[in-house]
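Position one of the sequence shown corresponds to residue 888 (my numbering), numbered consecutively onward.
Glycine included, C-beta positions come from ideal geometry on N, C-alpha and C.
One structure is given below, encoded as structure tokens.
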Amino acid sequence: MGLENLTIHELRSKLDSKEVSSVELTRDVLNRIKVTDGEINSFVSLTADEAMLAAEAADKRIASGDIAPLTGIPIAVKDIFCTKGLLTTCSSKMLSNFIPPYDATSVAKIKEEGAVIVGKTNMDEFAMGSSTETSFYGPTKNPWDTSRIPGGSSGGSASSVAADQCIASLGTDTGGSIRQPAALCGMVGMKPTYGRVSRYGVVAFASSLDQVGPMTKDVEDAAILLGALSGHDPLDSTSINCEVPDYREMLTGDIKGLKIGIPKEYFIDGMDEDVSRSVTKSIEDMAALGAEVVDISLPHTEYAVAVYYIIAPAEASSNLARFDGVKYGHRAEGLTELIEMYKKTRAQGFGDEVKRRIMLGTYALSSGYYDAYYLKAQKVRSLISDDFKKAFERCDIIVTPTVPSPAFKIGEKSADPLQMYLSDIFTISCNLAGLPGISVPCGFSEGGLPIGLQILGKHFEEGTVLKAAHAYEQATDWHKRKPKF
Ligand code: GLN
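This is how it looks when you write it as structure tokens:
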């Protein structure tokens, strides 16, 4: 085993004391990818040569004493982030030849710190899915059981961290795409408050929901990476100009008196027994650390899936209108008539799930149906947000399962979109309300599959969420287990 199995904070001290170099570390990581990725398929593209150059530059920087938290750390980036000069496909045929002329702000920020980008990770096409099965580049496998899905849409970002193919990764979360794969792959994933991290240069899916966030091996690393990503960006008008605290300083381990709300709507009859047992035990563990458990209610939870699957496709139908064969990516050949070219390009370039979302979204926005679907969904979205506002008067954080059941088999739900959508039930309300949320490992099923605990916080209180997650994590050792892969 090489250096690839360590965390950012473990490596920071080794790199700074010159015990190891970023070149050695990056070589180990690239080697690990070479040995494992034929089977797992975490990556759409690798950037081995660029990574070695970045590692050399990082070592020079470390030698000169100019050190940032991510200097020399190998990081994988979801293929939804624009990367200057590097293929950015969104795992779609539509963008299979797209090389952006600029970096997304998140990518620019980690590069400025001297992070080493090792490759672009696989995802559901245009981030639409919960299993990474809709990728044009084939499914990603779960390193804990390669017959199963890693979750999605940031499946490659999750599997790459879980399988030690990188030290940390970047993901995006529109309805759970960071937290759900983190839970199913047994690692940590955090969706920050809407507006906390810039989305400039991230291919837009549903603009009122999308957020960028860290995917890491433990909570301390999530705090480090979130710190690097956060902050105002004049290039993203939804990014908010408020101070970024030192998240790492908030990991005190002390959660005495912290009020944890347990929403009764998230603990339902018929829930998977392993999930229910693990999450119940985690709540007891947090109580044993001095937290105060409060019963709360989020009464509109049952409408969240329906509301999300109107709003997200509606926004997607508008955002994806730009892929027409003129400005970006794929263009159908041999056609001279413009409308025909648009039609053929979109028919060829998008996969089935993306087409389904565009059709559903266009329908929900069309005149005559707008009031009945889109407007109604927006009203219920407000009720869901109000539920959280009321609940947070009585508690500091909310604790729930991240996903109703552990990773399912590849192919098990792909023929039934509704079953797939329903598996997002516990993650999407957080996006509808714009709240921060994290998933941390909290146990394993009888069959040895990871289970995730979700912790939600008030707007811009990522620090409290991280503190609670860290205190829980440090009292357990679930995050230390590795897949045998
Ligand atoms: N599974 C959800 C969907 O398919 C969420 C995806 C995401 O967060 N990008 O829309």
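- Here the alpha carbons of V1241 and N984 stand approximately 18 Å from one another.
- Of A1002, A1355, I1142 and C1317, the smallest CA-CA separation from Q1098 is found for C1317.
- In this structure, I1197 has its beta carbon at no less than 8 Å from each heavy atom of the ligand GLN.
- For the ligand GLN, no non-hydrogen atom lies closer than 8 Å to the CB of G1042.
- The C-alpha of S1047 lies about 33 Å from the C-alpha of Y1190.
- Residues I1142, K1143, A1358, Y1359 and A1362 of the same chain have their beta carbon placed closer than 8 Å to that of L1176, with the five preceding and five following residues left out of the count.
- Separation of the CB atoms of C977 and V1084 is rounded to 19 Å, and the pair is thereby denied contact status at 8 Å.
- With respect to T1008, S929 sits close: the two C-beta atoms are nearer than 9 Å.
- For P1304, the enclosing alpha helix (DSSP H) has its first and last residue at P1304 to L1309.
- For F1092, the shortest C-beta to heavy atom distance toward the ligand GLN is below 8 Å.
- Closest in alpha carbon position to S900, among A955, L1247 and T1080, is A955.
- Contact between the region 1104-1119 and the region 1072-1088 is present: three or more C-beta pairs spanning the two stretches fall below 8 Å.
- Inter-residue distance for A1251 and Y1195 is about 12 Å (C-alpha atoms, whole angstroms).
- For A1014, the shortest separation between its Cβ and any heavy atom of the ligand GLN lies below 8 Å.
- For D1311, the Cβ falls inside the 8 Å cut-off from some heavy atom of the ligand GLN.
- When the alpha-carbon of E926 is set against those of D1161, R1035 and D1273, the nearest one is in R1035.
- In this structure, the alpha-carbon of A1294 lies about 47 Å from that of T1223.
- Secondary structure note for V1166: its alpha helix (DSSP H) is the uninterrupted segment E1160 to A1175.
- By the neighbour-count criterion, in which 16 or more other beta carbons inside 10 Å mark a residue as buried, R1233 falls on the buried side.
- When secondary structure is reduced to three states using DSSP, Q1052 falls in the coil class, being assigned neither helix nor strand.
- The alpha-carbon of S932 is positioned some 15 Å away from that of P961.
- By the criterion of a C-beta distance shorter than 7 Å, T1287 is surrounded in its chain by P1150, Y1153, F1313 and Q1341, once the five residues flanking it on both sides are discounted.
- For K996, the enclosing alpha helix (DSSP H) covers residues T992 to E999.
- Note on geometry: alpha-carbon atoms of K1214 and M981 lie some 11 Å from one another.
- According to DSSP, residue pairing for A963 in a beta bridge involves G1006 and S1056.
- By the criterion of a C-beta distance shorter than 8 Å, R1281 is surrounded in its chain by K1146, G1148, V1181 and I1183, once the five residues flanking it on both sides are discounted.
- Here R1035 carries a strand assignment [DSSP, helix/strand/coil].
- A Cβ-Cβ contact shorter than 9 Å links L1270 with H1187.
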